Amino acid sequence: MKKNIKKILSVRALVLSVLLICGGAVRTAMAQEVNITPLPQNLAMDNEGKRFELPRKFTVAMYGVSDPKVWADMDRFVRKLSSATGKKGALERKEKGHFRLVQDKTLSAEGYVLAVREKEVEVRFATSAGCYYALQSFMKMLPPNVILGKEGEKKADYSVPCLTIQDEPRFAYRGFMLDVSRHFFTVEEVKQVLDIMSVYKMNRFHWHLTDDQGWRIEIKKYPKLTEVGSVSKDMLMNNETQTKYWNGKPYGPYFYTQDDVREIVQYAAERHIEVIPEVDMPGHMMAAMAAYPEFSCQPERTYEVWTQNLGLSVDILNVGNPKAVQFARDVVEELCQLFPGPDIHVGGDECPIMRWEKNPECDQLRKKLGLESFRGLQNWFIGELAQVAAVHGKGLFAWNESVTAQGADMQPLKDNNVKIMCWVGAQPAARKASSHGLDVVITPIGPYYINRKQWNSPDEPFAAGPGNDSLSVTYNYVPVPQDVAPDLTHRYIGVQATFWTEFVSTAGYLQYLMLPRLMAVAEAGWTQQEKKNFPDFVRRFNADIPLLELGGYNYGKHYRYKTDQPQPAQ
Ligand code: ACM
């Protein structure tokens, strides 16, 4: 008898442990099926493996939702989901529906809770951004045509495993910068960038609109900026097939009209992306000098829009000339009217001051301001522009030379709360700026300059600058090192992937270099440092390859699984 009981117990134990092991395996498989990048903060799968199936007709219960932005977002969501799946959705002012929206002010600004149950998907959020990100996560669990807004197979499996996700971003600023001066990208190509940013919950598009090689934004008050400044005599072209050739004819006119700008801004806003326009001043202004030489330090000269794609021009804006400063103010004024976001970027990088040192007007202004160094003029100038932006309730960004250049005067930056974008010597720059009470965004040359080569191989297409940064280098960069003083970490408002296009003249090559490293920076922006895991990220990138391919995106293939195993990290 005893023996029998023992036998029964051990058989039960065996069955139980097999069940547990299998259950664990099922749960792991389901967790793997859920493929969300950036990795959410908390994700709990339903133990029983149940699923929510999108019905032929579905409703979204909007009872109690008053924010018109949420209504507009949900309208787009329903239309997208309907057209992608062939099912029919509707918004209703009811309490119950297949999707139920609940505004919950206890959540953080971009945070959300997504509870997928068998019969209902509950979305909790504090703001329209949180609601949007919850639904991005939801769509990310469906076949990739859905989040891409492409019509799919009507008979495909449009079901999602039951689970609960509690999520919020680590940083408020999760950016991507695109240089459209060195090479121009069309409105449609920019929209493709915004689309892929939105899949990965990035929320700032820093648009580098002007440089020595081209002025790319229409400014009504100064029409020659685009009439003259958006065309260069020739241009060095490069694409992903490793060719490097001269265009052999004028490049341009290439620029965005103010209507184009409004279209991009609207498109971005629908994806919860703010556009930060950058007009780079007082250096990097050869295209502007070609149009208006009277604002240079040697007004008797003529200038050309640069055709060389590297190097630093010593010819810069004459900030000692009140008319040149007024020109810059007027440009910022138009930017403030065109761009609804809270920030304008005024450049401030790589600005040699030898022309100022030889210029009597600059010398006079320096003395009048009581400045020891001519370098002080640069931040005085930023302060002047900050005051124009402030009238519109906007703030300024500047590159970190405004803080780190020898002789930089911190006072105008502090007086105007200028935010600092840290790229060269990014970490010491961030420490200095934050210790003076300035907010910083981390975008180090190297790991976050995702225009650089992504593999150390002679087969790689030519890319800007020496050096290379593989996906693992970008992913594993730590934007806020542990030894940053705890009372300064709140000044680190975010991270940015930055893309210079000196050597990139096609959208395909841009995408090849940008992806998947953009996803790595997106994860640095969203996911807490301790939750990050490179092998798991590589797995999720591989699971997203059908999405990238369906979306028509080119991407670096270095970490694509060739067998069951990922390639070794470089
Ligand atoms: C920069 O890379 N010159 C900001």
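The working numbering puts the sequence shown at residues 1375 to 1944. All C-beta atoms in this analysis are idealised placements derived from N, C-alpha and C, irrespective of residue type, glycine included. Being a predicted model, the structure only gives us computed values, none of them experimental.
Original post:
Ordered along the chain, which non-local residues of its own chain (more than five positions away) have a Cβ less than 8 Å from that of threonine 1946?
Top reply: No statement about residue 1946 is possible, as the shown extent of the chain runs from 1375 to 1944 and does not include it.
Subject >> First and last residue of the uninterrupted beta strand (DSSP E) at threonine 1538 >> reply: 1537 to 1541
**OP:** Note the first and the last residue of the continuous alpha helix (DSSP H) segment covering tyrosine 1866.
**Re:** It is not in any alpha helix (DSSP H) - tyrosine 1866 instead sits in the beta strand (DSSP E) that spans 1866 to 1873.
Original post:
Taking tyrosine 1619 as the reference, which of Glu1904, Val1878, Val1895 and Ala1458 has the closest Cα?
Top reply: Val1878
Subject >> beta-carbon aspartate 1918 near the ligand ACM non-hydrogen atom, thresh 7 Å >> reply: no
Original post:
Which residues in the same chain as glycine 1750 place their Cβ atom closer than 6 Å to its Cβ, once the five residues preceding and following it in sequence are excluded?
Top reply: Asp1783
Original post:
Any contact of the region 1709 to 1716 with the region 1633 to 1643, i.e. 3+ C-beta pairs under 8 Å?
Top reply: yes
Original post:
Contact check, alanine 1838 vs valine 1792 under 8 Å by CB: the rounded distance?
Top reply: 27 Å between Cβ atoms; not a contact.
**OP:** Count the CB pairs spanning the region 1925 to 1937 and the region 1885 to 1894 that are closer than 8 Å, and state whether there are at least three.
**Re:** yes
**OP:** Please report how far the alpha carbon of glycine 1622 lies from the alpha carbon of methionine 1609, in whole angstroms.
**Re:** 7 Å
Original post:
Under 7 Å from any heavy atom of the ligand ACM, does the C-beta of aspartate 1723 make it?
Top reply: yes
Subject >> Close-in-space but distant-in-sequence residues of the same chain around proline 1962 (CB under 8 Å, 5 per side omitted) >> reply: Look at the range of the chain in this structure, 1375 to 1944, and you will see that residue 1962 is not part of it.
Original post:
Sorry if obvious, but does the Cβ on isoleucine 1819 come closer than 7 Å to a heavy atom of the ligand ACM?
Top reply: yes
Subject >> Closest by C-alpha distance to arginine 1430, when choosing among Ala1807, Tyr1935, Gly1460 and Trp1874 >> reply: Gly1460
Original post:
Considering tyrosine 1506, what are the terminal residues of the alpha helix (DSSP H) in which it resides?
Top reply: 1502 to 1514
Original post:
Cα separation between threonine 1433 and leucine 1465?
Top reply: 6 Å
Original post:
Buried or exposed: which applies to asparagine 1830, given that a residue is buried once 16 or more other Cβ atoms fall within 10 Å of its Cβ?
Top reply: exposed
Subject >> Beta-carbon proximity list for glutamate 1648, same chain, < 6 Å, skipping 5 on both sides >> reply: Arg1578 and Gly1715
Original post:
By how many angstroms is the C-alpha of glycine 1603 removed from the C-alpha of aspartate 1478?
Top reply: 50 Å
**OP:** Note down, in chain order, each residue of its chain lying with its Cβ closer than 8 Å to the Cβ of glutamine 1510, except the 5 sequence neighbours on either side.
**Re:** Ile1521, Ser1572, Val1573 and Lys1575
**OP:** Check whether the Cβ of tryptophan 1773 sits closer than 7 Å to any heavy atom of the ligand ACM, and report yes or no.
**Re:** yes
**OP:** State yes or no: is the C-beta of tryptophan 1620 nearer than 7 Å to some heavy atom of the ligand ACM?
**Re:** no
Original post:
Do you know how far the Cα of glutamate 1708 is from the Cα of aspartate 1861?
Top reply: 37 Å
Original post:
Should proline 1818 be labelled buried (16 or more other beta-carbon atoms within 10 Å of its own) or exposed?
Top reply: buried
Original post:
When DSSP labels each residue in this structure, what does leucine 1770 get in the three-state scheme?
Top reply: strand
Original post:
Taking the alpha-carbon positions, what's the lysine 1906 to histidine 1582 distance?
Top reply: 30 Å
Subject >> Per-residue burial, serine 1809 [other beta carbons within 10 Å of its own, 16 or more giving buried] >> reply: exposed
**OP:** Below 7 Å CB to CB, which residues in the same chain sit around asparagine 1733 once its five sequence neighbours on both sides are set aside?
**Re:** Cys1671, Asn1692 and Gly1694
Original post:
Under 7 Å from any heavy atom of the ligand ACM, does the C-beta of tryptophan 1797 make it?
Top reply: yes
Subject >> Contact between the region 1417 to 1427 and the region 1532 to 1548 (3+ Cβ pairs under 8 Å) >> reply: yes
Subject >> Exposure label - histidine 1658; buried when at least 16 CB within 10 Å >> reply: buried
Subject >> Of the listed residues Arg1467, Lys1741, Met1663 and Ala1896, nearest to aspartate 1586 (C-alpha basis) >> reply: Met1663
**OP:** With distances taken Cα to Cα, identify the nearest neighbour of methionine 1515 among Phe1426, Val1408 and Glu1904.
**Re:** Val1408
Original post:
How would you call histidine 1864, buried or exposed, if buried means at least 16 neighbouring beta carbons within 10 angstroms?
Top reply: exposed
Subject >> DSSP-derived helix/strand/coil call for cysteine 1396 >> reply: With a pLDDT of 42 at cysteine 1396, under the threshold of 50, the modelled position of that residue is not reliable, and the figure given next carries that caveat. Note: cysteine 1396 maps to helix in three-state DSSP.
Subject >> Cβ-based burial, methionine 1728 [other Cβ within 10 Å; buried from 16] >> reply: exposed
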